[in-house]
Each structure stands twice: as C-alpha cells, then as structure tokens.
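Novice:
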Amino acid sequence: MEVPLVSTLLHCFLLADFLQSAPVVSPSDPEPLREAVERAKTLVDKILRDVSIVHSATVTMEGLTLDSAHPTNLQMMVTSLGIPPAPVLKPLSEHFTLDVCVSRMSSGILLYQRLLGVLSDRVSGLSDLQADLRDLQTHVATVREVAQLRDPELDENQNQRPDLASRLHGNYKVQIATHLTLTHLRSFCHDLIRSLRGVGIYKPRPAGTD
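If you use mature numbering (1 follows the signal peptide of the UniProt record, and there is no 0), the sequence shown corresponds to residues -21 to -1, 1 to 189, in order.
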C-alpha cells in the first residue's frame, strides 16, 4: 500500500526539479531572447550578401540588376507570374504585437523557401539560399520558443504552393521570375533586420499600464 505513495512523491519531486531547472524568459532576463535574435540576424546578413552573388550568377538578362528600378512592365509581371507579396512587417506596438511580428517573419521565410523551390527546378545555384532559409526558419522558431509565444496558426495561403511553375514558359519568364524573387527576398531581409532589432530590445508593458 505504500508503493503508490512513494511513487507519487517521487513523481512530484521530479516534476518540481524539472520546473525549477527549466529556463524561464522574463523581462528581467532578456538575454536568451537577445541571443536568439542575434543568431537570426547574423544569418539574415549572410543571406543578404548571398542574394547579390546568386543574382549575378543566375540572372544574365541585360538590364536586370538588384538595384535597377522596376519599370511598369516588370511590376505587371509580378501579377502575371503569380508571385505573392511578402507579409508586411511593422514596428512593434499594441496593434502589431510580438506574436504577430514573429508569425509574419515565419510566413515570409516560408514563402521564399517555396518560390526558390519552384525556381530551382529551372535554375541552378539556388540550393544554398534555400538551405539558409530553412536554417533561418529554425532560428525564428527558437525566437518564438524563447519569447514563449504561442504556435502560429497557418492560414490557407500558407498551405498553398505559389502558382509559379505553371507560368514559367521560356527562359525570359524564368529570368524575370528569378530576378523578381531575389529582389523581393532582399527587400524582405532588410525588413527582417529592422524587425529583429525591435524584437531584441522589446520589453512588454506591465499589465494595467496605459
């Protein structure tokens, strides 16, 4: 009759020991979050450098550079090719919460993983960027975990692959799609850097304050 009691006490002791040793992130201990953010920022910086190299190697059509202005016909090609816009990232506020911000980071990374996945069937030299984006997704997931945010709810658009493959008829469209995707990815990475800086210094307002 004493065995169940001993077993119960042992279970409670182990549970208490686990809870005591588990890392807890709080406003007074922001270091784990800062470290997770810095790791993500370092990888985004690498991706930004690599985007320029990859663009030079894969986009050979004259006049298409990362810094060239997009004429109207190229803007129309974004719609024609079915290239979705990246999720908008904004400064953190009570209306654009940390949870929403990190969820949009993850959604944008997933979008470019999928776009590059489609393009890689027609263009060589994109695999390293794809791998870096997969790693970045892991880093953002770590930021979410350390910040104790809830798991993101995938919307229906996130479950769909971009309808790009069926529209890549001929080398011209492949070149345009690669140029636009890399250009948009670079812009999204700049937004990521700004948002990660905000996340790294974010301090939630105490409950009950105006």
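Every residue, glycine too, gets a C-beta built ideally from N, C-alpha and C.
Once DSSP output is grouped into helix, strand and coil, what is the label at LEU143?
Specialist: The sequence position of residue 143 within the sequence shown is 164, counting from 1. Residue state, collapsed to three classes: coil.
Novice: Where do the ends of the alpha helix (DSSP H) carrying VAL33 lie?
Specialist: Here residue 33 corresponds to residue number 54 of the sequence shown, with the count starting at 1. Per DSSP, VAL33 belongs to the alpha helix (DSSP H) from 10 to 37.
Novice: Answer yes if the segment 44 to 53 comes into contact with the segment 109 to 121, meaning at least three C-beta pairs across the two stretches below 8 Å, and no otherwise.
Specialist: no
Novice: Which of the three DSSP states is assigned to ALA48 in this structure?
Specialist: Residue 48 sits at position 69 when you count from the first residue of the sequence shown. It is coil, neither helix nor strand.
Novice: Nearest to VAL79 by CA position, among ASN52, GLY61, ASP130, VAL33, is which residue?
Specialist: Taking the sequence shown and counting its residues from 1, one reaches residue 79 at position 100. When only C-alpha atoms are compared, the closest one is ASP130.
Novice: To the nearest angstrom, how far is the alpha carbon of LEU128 from that of HIS118?
Specialist: The residue labelled residue 128 in the question sits at position 149 within the sequence shown. The residue labelled residue 118 in the question sits at position 139 within the sequence shown. About 14 Å.
Novice: Going straight from the alpha carbon of GLU124 to that of ILE180, what length do you get?
Specialist: As a first step, residue 124 is located in the sequence shown; it is residue number 145 there, counting from the start. As a first step, residue 180 is located in the sequence shown; it is residue number 201 there, counting from the start. C-alpha separation (whole angstroms): 17 Å.
Novice: What number of angstroms, rounded off, separates the C-alpha of CYS82 from the C-alpha of ARG173?
Specialist: Within the sequence shown, numbered from 1, the residue matching residue 82 stands at position 103. Within the sequence shown, numbered from 1, the residue matching residue 173 stands at position 194. Sequence check: residue 82 is Ser here, not Cys. Straight-line Cα distance between these residues: approximately 15 Å.
Novice: Give me the residue from SER35, LYS182, THR58 with the minimum Cα distance to HIS158.
Specialist: The residue you call residue 158 lines up with position 179 of the sequence shown. Distance from the Cα of HIS158 is smallest, within the candidate group SER35, LYS182, THR58, for SER35.
Novice: Less than 8 Å between C-beta atoms, sequence neighbours within five positions excluded: which residues of the same chain meet that for ILE26?
Specialist: Taking the sequence shown and counting its residues from 1, the one referred to as residue 26 is at position 47. So the qualifying residues of the chain are LEU108, ASP111, LEU112, LEU115, LEU164, CYS168.
Novice: Measure the Cβ-Cβ separation of THR37 and LEU147 and say whether it is below 9 Å.
Specialist: If you number the sequence shown from 1, residue 37 lands on position 58. If you number the sequence shown from 1, residue 147 lands on position 168. Contact: no.
Novice: Put HIS163 into one of helix, strand or coil per three-state DSSP.
Specialist: By one-based count along the sequence shown, residue 163 stands at place 184. Looking at HIS163 - three-state DSSP - the assignment turns out to be helix.
Novice: Exposed or buried, which one is PRO50 when buried takes at least 16 other CB atoms within 10 Å?
Specialist: Indexing the sequence shown from 1 puts residue 50 at position 71. When all chains shown are included, PRO50 counts as exposed.
Novice: So the candidates are MET84, ALA120, TYR151; which of them puts its Cα closest to the Cα of residue 190?
Specialist: The chain is shown from -21 up to 189; residue 190 falls before or after that span and cannot be answered.
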